[in-house]
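In terms of this note's numbering, the sequence shown opens at residue 4 and continues consecutively.
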Amino acid sequence: MISALPRRRTLIAASAATVLALLMSGCGGSGDGHRIRVGVSGDSPEWDVLAKEAAKQGLTVETVVFDDYSLPNKALSAGDIELNAFQHLVFLAQSNTENKTDIAPIAATTVVPLGLYSGKHKQLADLPDRAEIALPNDPANQGRALRVLEQAKLLQLRPEAGLFATPDDITANPRHIRITPVNAQQTPRTLQDADAAVINDGVAELSGIKADTALFKDDPAAPQSVPYLNVIAARADQKDNADYRKIVELYASRPVQDEVRRTSNGTAHHVELPAADLQAEVARIQKQLKR
């Protein structure tokens, strides 16, 4: 099935009723011919470019936009989409463990820095004692956010806390920072009242927050950033699908990567890592979760 039109973008509401509607729609399974539906979170213009390139190879790529991080893996596992591209490896491992799903990464896309932002203070040193800092409340992003605060020397965590650190793992807090966990998509709104917030790159971009205004951010090129590689994921029993391999190749192509660089203001670092290595990393993280 060849389509010369831009892919259709569908907004999926964040509710259980939406998932039920998808399941009852009769569009589950392995897709319609060479149609590949990709679940994303927020605006993903690089997939517009990829869809045009895919059409030249007889593939119709449609993006399905979810406004809640909990839904794209559920839709993928149910067969309502063929791929998703919204999460890093830690989030995927957490989701597989909690939902007893078998979703596998088939390619790395990018890794982006996680930044600490403020609407009240211009520099990290300006944060007052007892500053209130909002963090994403999901375990995968909260652990990384706490590590960002540790790297910024605002607090210290137990060394054995691992990837899923919580505020209970704080061992030193000399400036009496007050931690407020909130839904990841709500972190920009907290800047009206809180002193600062750790905000995911994509959420910050959608809110008009410029990456270069961060008070502090982690290094996406550092080895410890590997668990936070964003990935294209498929159901494990479809991870070797030939059409999906074409999608992976197209994502690495120059037109798509030029768009990634353009829309990320240079913050996104494209990473090429074998699928087997990505899958091994997910397995390693899942073992840590089960301890």
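Ideal Cβ positions, reconstructed from N, Cα and C, are used throughout, including at glycine.
Since we're looking at a predicted model, the values are computed, not measured.
1. Looking at the strands, I want to know which residues DSSP matches up with V64.
2. Where do the N-terminal and C-terminal ends of the alpha helix (DSSP H) with N144 fall, by residue?
3. Restricting to Cα atoms, I'd like to know which of T266, L253, D280 and A279 is closest to G61.
4. For P142 versus Q97, is the C-beta spacing smaller than 7 Å?
5. Given a cut-off of 7 Å on the beta-carbon distance, is the pair R161 and T174 in contact?
6. Tell me the DSSP secondary structure of N186 in three-state form.
7. Cα separation between K293 and F167?
8. Put E85 into one of helix, strand or coil per three-state DSSP.
9. Give a yes or no on whether the C-beta atoms belonging to H91 and L232 are separated by under 7 Å.
10. So which of D105, E135, R147 and N87 has the shortest CA-CA distance to D308?
11. Exposed or buried, which one is T216 when buried takes at least 16 other CB atoms within 10 Å?
12. Nearest to Y120 by CA position, among V151, R133, H37 and D261, is which residue?
13. Rounded to whole angstroms, what is the Cα-Cα separation between V67 and L74?
14. Measuring only the C-alpha atoms, how far is E56 from D261?
15. Around the C-beta of I258, are 16 or more other C-beta atoms found within 10 angstroms, so that it is buried, or is it exposed?
16. For my contact list, A88 and V52 are in at a C-beta cut-off of 8 Å; report their separation, rounded to the angstrom.
17. Which residue comes first and which comes last in the alpha helix (DSSP H) that contains R265?
18. Taking H272 as the reference, give the member of V234, D243, D280 and Q291 with the closest Cα.
19. Of the residues R238, V206 and V114, which one's Cα is nearest the Cα of S228?
20. Buried or exposed for A283, going by 16 or more other Cβ atoms inside 10 Å?
21. Take A81 as the anchor and find which of D70, K103, L127 and V93 has the nearest alpha-carbon.
In short, the structure shows the following:
1. I39
2. P142 to Q154
3. L253
4. yes
5. Yes, these two residues count as a Cβ contact at 7 Å.
6. Coil.
7. 12 Å
8. coil
9. Contact annotation: H91 and L232 have beta-carbon atoms nearer than 7 Å.
10. Within the shown structure, residues of the chain are numbered from 4 to 294, placing residue 308 beyond reach of any answer.
11. exposed
12. Per the Cα distances, V151.
13. If you draw a straight line from the Cα of V67 to the Cα of L74, it is about 11 Å long.
14. 13 Å
15. The question names Ile, but residue 258 is Pro in the sequence shown. Looking at its Cβ environment, which holds fewer than 16 other Cβ atoms inside 10 Å, P258 is exposed.
16. Taking the Cβ atoms as the reference, A88 lies roughly 13 Å from V52, outside the contact range of under 8 Å.
17. In the DSSP assignment, R265 falls within the unbroken alpha helix (DSSP H) covering R257 to T266.
18. The shortest C-alpha separation from H272 is found at V234.
19. With respect to the C-alpha of S228, the residue from R238, V206 and V114 having the closest C-alpha is V114.
20. exposed
21. K103
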